[in-house]
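Protein chains in written order, with our numbering: chain E, 1 to 69; chain A, 1 to 911. We put the CB at the ideal spot given by N, CA and C, even for glycine. Everything numeric in this text was worked out from a predicted model, so none of it was measured. Input: a single structure, listed below in structure tokens.
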Amino acid sequence: MKPTGAHSRKVERLIALVAVTLLLFCPPLIIVVDRLPSFNVGWLPLYLFIAWAVVIGLTAWLMEHRAGR
Amino acid sequence: MRTDLIIVGTAFGYLALLFVVAAWGDRRAEQGRSLIGSPTVYALSIAVYCTAWTFYGSVGRAAEHGPSFLLIYLGPTLAMLLAPSVIRKMVRIAARQRITSIADFISARYGKNTTLGALVALMALISITPYIALQLKAITVSHAVLINYPHTADTTLVDERFWMDKSLWVALVLAVFIILFGTRHLDASERHEGMVAAIALESLVKLVAFMAVGIFVVFVMFEGPAALFAEVAATPALVNSMSLDSVPGGATGWVGMLALAFLAFLTLPRQFQVLVVENVDEQHLTRASWLFPLYMLLINLFVIPIALAGLLLGVSAGDPDSFVLTLPLSAGLEGLPLLVFIGGLSAATGMVIVETIALSTMVSNQLVMPLLLRSKRLHLSTKGELAGWLLGIRRIAIVLILLLGYLYHALIGDSYSLVTIGLVSFAGAAQFAPALLIGLYWRGATRQGATLGLIAGFLVWCYTLLLPGFAQSGWLSATLLTEGPWGIAWLIPYSLFGLENWDIYSHSLLWSMLANVGLLVGVSLFTRPSPLEQTQAALFTEAMHPNLQTTSLWRGQTTQGALKELLVRYLGEQTTQRVFRHSGNKLLFAPDDTAPPELITRAEQALAGALGSASARVLINSVVRGEALDIESVLSILDTTSQTIEYNRRLEQKSQELAQIGEELRSANERLRELDRLKDEFVAMVSHELRTPLTSIRAFAEILRDSDQLPDEKRKHFLGVIVHESQRLSRLIEEILDLARLESGRLTLNPEPLDLAALARHSINAIAHLHEEHGIALDVAIEADPAMVIGDHDRLEQVIINLLDNAGKFADRQQPKVRLALYHHRRHFRLSVEDNGPGIGIEERERVFEKFHQIQQDGELPKGRPKGSGLGLPISRGIIAHLGGRLWVEDAKQLGGACLTLELPTAPVND
């Protein structure tokens, strides 16, 4: 019984992560970040790299956390 | 220092290293110690995605179009997030059906259709060859930059003979490499271990090279990122270079590019090769799903700084596509540019190797083999092995594909910058996505729908991206792009139906996908799939079903001999023997016996691995009478198994509950039986005990009634016996009642503080008369005086008298001795009664407290001593327990016999 529960939770989290990733990488948020008061070359590149790193970190946690059991 | 000799020497030295690594990888694989059986190597091999286009072109694109280059990598990041579901499913299907390429996959999904497979192979060939050309061009250009700097790289081949072009030679070396390490097995679904090891190494090399340039530019040419960005901020022309405005098509272009990269990552033949065909363990996807995005993040980390630095330096840095090389060159370095060149070379060769293997497999299995099989003459007459033929075809295909790529590069490669060709290929490969992904999840997608969708999508792609490319190269009239064909404005390729202000890739993707998906879905809704198609559709969409794997899918009949002949002809003796050996340890080869279904299935898989699934099906059908499992059977397997699994789960749960209840019932029943047995024993004991005195009373009473002449003396004696026995009877009944009250908890005690020492003396006095009669010597040692406890006076006295009485009965016959001791022990008082009798064995010590238990003694009890009822000790223990104390048997320390000790807590002082 337990593994099934853990598995479905993992799937749910993965779906949520995909949704968050889409949100982070797509226009409404991209435009908002792009229009922020400018600094140097603008916030967009920095934002993209940070968001990317966060997504990778979350994926790593999600995958390895369960795989380790 | 930077002579051509050194550069060429290094380049070919590097290629030689690849040969060594690949050979080593294959050697290790043969020894069963695979080099590449790790998720990290798997992730690195996926990084073949980052080609020369990433290596040189990303910087160029960043310089020109701002952050849009990142979308090429964010798309795959999204795709890798789905790896545990989508790609895992593809891997599982490919492993089960021995799929060899994406063309084979799509063909297998739609009923192992030959035409569809050939179509996909052809489309891949057309859309990917420019991409191979792009890699060769990158090698030529980077070499030229390295040689000619600081002069501009003259990349035209006009003033050079074609054999002077290094990329031709690189292409030839690669052809040798791919033939050596890419066509080792006939079975294309098997891993190319050495090749994957080399690819993983190449991924590391290009990452190291690119990061080295990045670190050099940021930390040596400028003093850290802050200094670089400060300088950029001070240059008005560059301030807006990284904003959304510089992305072609703005927000729409952004989304379009993200979608394009996402789809292409899954459908590019080389990605399918490393992701699906070369995968050995589904579990590796878990690690790769974050490790590969991390790789892409690292290799892109310095793209923007390098691009900005190149733009800051202006003319001296030359063409943005070459910034990676020209920046270290402009700083006067010698070693770093060489490393960069090797990095670019590794990016290019890695892509060319994998892409060529994937394409050559498609060409041989999906284009050439079906044609050969159709040629009756070959099929019927060839008695020898076709295996050699097959490998030959594949090798020729490899050389031809590389030559085609080279020609493309040499003839028309100059019209586009690197990134442009890459994205055109992406959009072409993305046309496979609807047939692939929709077919993976929608059982209703049919062959006609997929075929028409693919053709339509591909035509739209040709019209909106490929033809305009030719127009830009000057092969077609440029008016096509400005006025449309025959002056029809709404047919202008870059703004079809008047859709303007889109970037050309999003524009092409939109229209081609509309046509592709629209026809796939629309036609599927109105066509009926063939039985085999339905079966394959079910096998693909339900691939993750747990019980599907164990099902054998053939019901047709053939003999083992016919099957063997077929396999030997196409796969050779060795492979055939492996198929038959694997099929059954118990099965002996008998040419005329019917081949079991699993053997047919395995034979088909082996053929599919070598020839592609469509050809394998044709061949198997030529010897097997009857059909493969039809759709109804597959569906019923799926349905029944899923229902059965659910039922089983519930049943298991219920039976667990039942087992638990049964266990409880069983133990309750056991306890009841035990109680019943005790009750029976008790009743038997009581009746026995009651009958003895009753019998003697009755006997004496009858004598008295019947004999009148009895002397008075005798009559008196008899009456005395009757009285005595009646007393005994009433005492017994009293004891039984006590016991009953004790056991039912109805015994009423009157607890009060009392002096145990005084009580002991009182009890001794009460029994002294009896002891004197039997000559028992009583020794009294009262150390605690007074010994205040809480207890019921009468009941406690009853217990002490019982203990003293018992001790008297069991003391030594000749010199009976009894000793009573009262002493303080921690917070309790202990009263022990010892005798000098035979004592009580350890195993008997608890049983003396059972009802009616009599200790078996060697001889009779001493005469005149009354026998006990067997109830005294149980009652005593009950009473003491009610008063919060304990009563037990131990060895007598002083007299050597038995010692019964009772323990009661001391009474609280303030009471």
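Can you check DSSP and say which residues form a bridge with residue i?
i	result
Ile790(A)	Pro753(A)
Pro905(A)	His828(A)
Tyr823(A)	Arg830(A)
Leu36(E)	BP columns for Leu36(E) are empty, so no partner.
Thr594(A)	Thr559(A)
Cys26(E)	Partner(s): none; Cys26(E) has no beta bridge.
Val818(A)	Leu778(A), Asp835(A)
In whole angstroms, what is the alpha-carbon distance linking residue i and residue j?
i	j	result
Leu35(A)	Gln273(A)	18 Å
Leu380(A)	Arg13(E)	Per-residue confidence for Leu380(A) stands at a pLDDT of 44, beneath the threshold of 50, marking its modelled position as unreliable; the derived number appears in the next sentence. The straight-line gap from Cα to Cα measures roughly 57 Å.
Glu278(A)	Ser375(A)	32 Å
His185(A)	Tyr42(A)	20 Å
Gly117(A)	Glu533(A)	14 Å
Ala787(A)	Leu904(A)	10 Å
Met242(A)	Leu308(A)	9 Å
Arg33(A)	Trp24(A)	11 Å
Gly498(A)	Ala515(A)	17 Å
Gly388(A)	Gly612(A)	16 Å
Gln31(A)	Glu193(A)	12 Å
Thr155(A)	Ser167(A)	At Thr155(A), the pLDDT of 47 sits below 50, so the modelled position is not reliable; the number obtained from the coordinates is stated separately. In a straight line, the C-alpha of Thr155(A) is about 12 Å away from that of Ser167(A).
Pro862(A)	Arg671(A)	Residue placement at Pro862(A) cannot be trusted, given a pLDDT of 44 that sits under 50; the coordinates are not used to answer.
Ala348(A)	Ser142(A)	11 Å
Leu749(A)	Leu883(A)	9 Å
Arg845(A)	Leu754(A)	29 Å
Measure the Cβ-Cβ separation of residue i and residue j and say whether it is below 9 Å.
i	j	result
Gly453(A)	Val368(A)	no
Val276(A)	Gly37(A)	no
Phe718(A)	Ile703(A)	yes
Ala212(A)	Leu336(A)	yes
Gly808(A)	Asp835(A)	yes
Tyr56(A)	Val324(A)	yes
Ala478(A)	Ala108(A)	no
Val75(E)	Ala233(A)	Nothing about residue 75(E) can be reported from this structure: the residues present for chain E run from 1 to 69 only.
Leu804(A)	Ile767(A)	yes
Val8(A)	Gly350(A)	no
Ile147(A)	Ala429(A)	no
Ser246(A)	Glu64(A)	yes
Thr267(A)	Gln431(A)	yes
Gly878(A)	Leu665(A)	no
From which residue to which residue does the beta strand (DSSP E) around residue i run?
i	result
Ile492(A)	Element bounds for Ile492(A): n/a, residue is neither H nor E.
Ile782(A)	777–782
Can you tell me the Cβ-Cβ gap for residue i and residue j, rounded? I've got them flagged as a contact below 8 Å.
i	j	result
Lys89(A)	Ala433(A)	About 15 Å; that fails the 8 Å criterion.
Gly60(A)	Pro320(A)	4 Å
Leu739(A)	Pro874(A)	6 Å
Ala209(A)	Ile306(A)	Between Ile306(A) and Ala209(A) the Cβ distance is about 12 Å, and since that is not below 8 Å, they are no contact.
Leu29(E)	Pro67(A)	The pair is not a contact, with the Cβ atoms about 14 Å apart (cut-off 8 Å).
Thr527(A)	Thr559(A)	With a Cβ gap of about 37 Å, Thr527(A) and Thr559(A) do not count as contacting.
Ala821(A)	Gly837(A)	Ala821(A) to Gly837(A), Cβ: 17 Å. No contact.
Pro529(A)	Arg447(A)	7 Å
Check for me: the alpha helix (DSSP H) holding residue i runs from which residue to which?
i	result
Asp891(A)	It is not in any alpha helix (DSSP H) - Asp891(A) instead sits in the beta strand (DSSP E) that spans 886–891.
Thr148(A)	Per the sequence shown, the amino acid found at residue 148(A) is Asn instead of Thr. 114–148 is the span of the alpha helix (DSSP H), which, as asked, contains Asn148(A).
Gly60(A)	58–65
Asp4(A)	4–30
Met195(A)	193–215
Ile840(A)	Unbroken run through Ile840(A): none, as it is neither H nor E.
Phe540(A)	531–541
Asn621(A)	613–623
Lys716(A)	712–744
Glu355(A)	335–362
Val239(A)	236–239
Tyr295(A)	284–300
Glu231(A)	224–233
Ala435(A)	No alpha helix (DSSP H) contains Ala435(A), which DSSP labels as neither H nor E.
Phe181(A)	166–182
Val848(A)	Counting along the chain, Val848(A) falls outside any alpha helix (DSSP H), and DSSP gives it neither H nor E.
Asp104(A)	102–109
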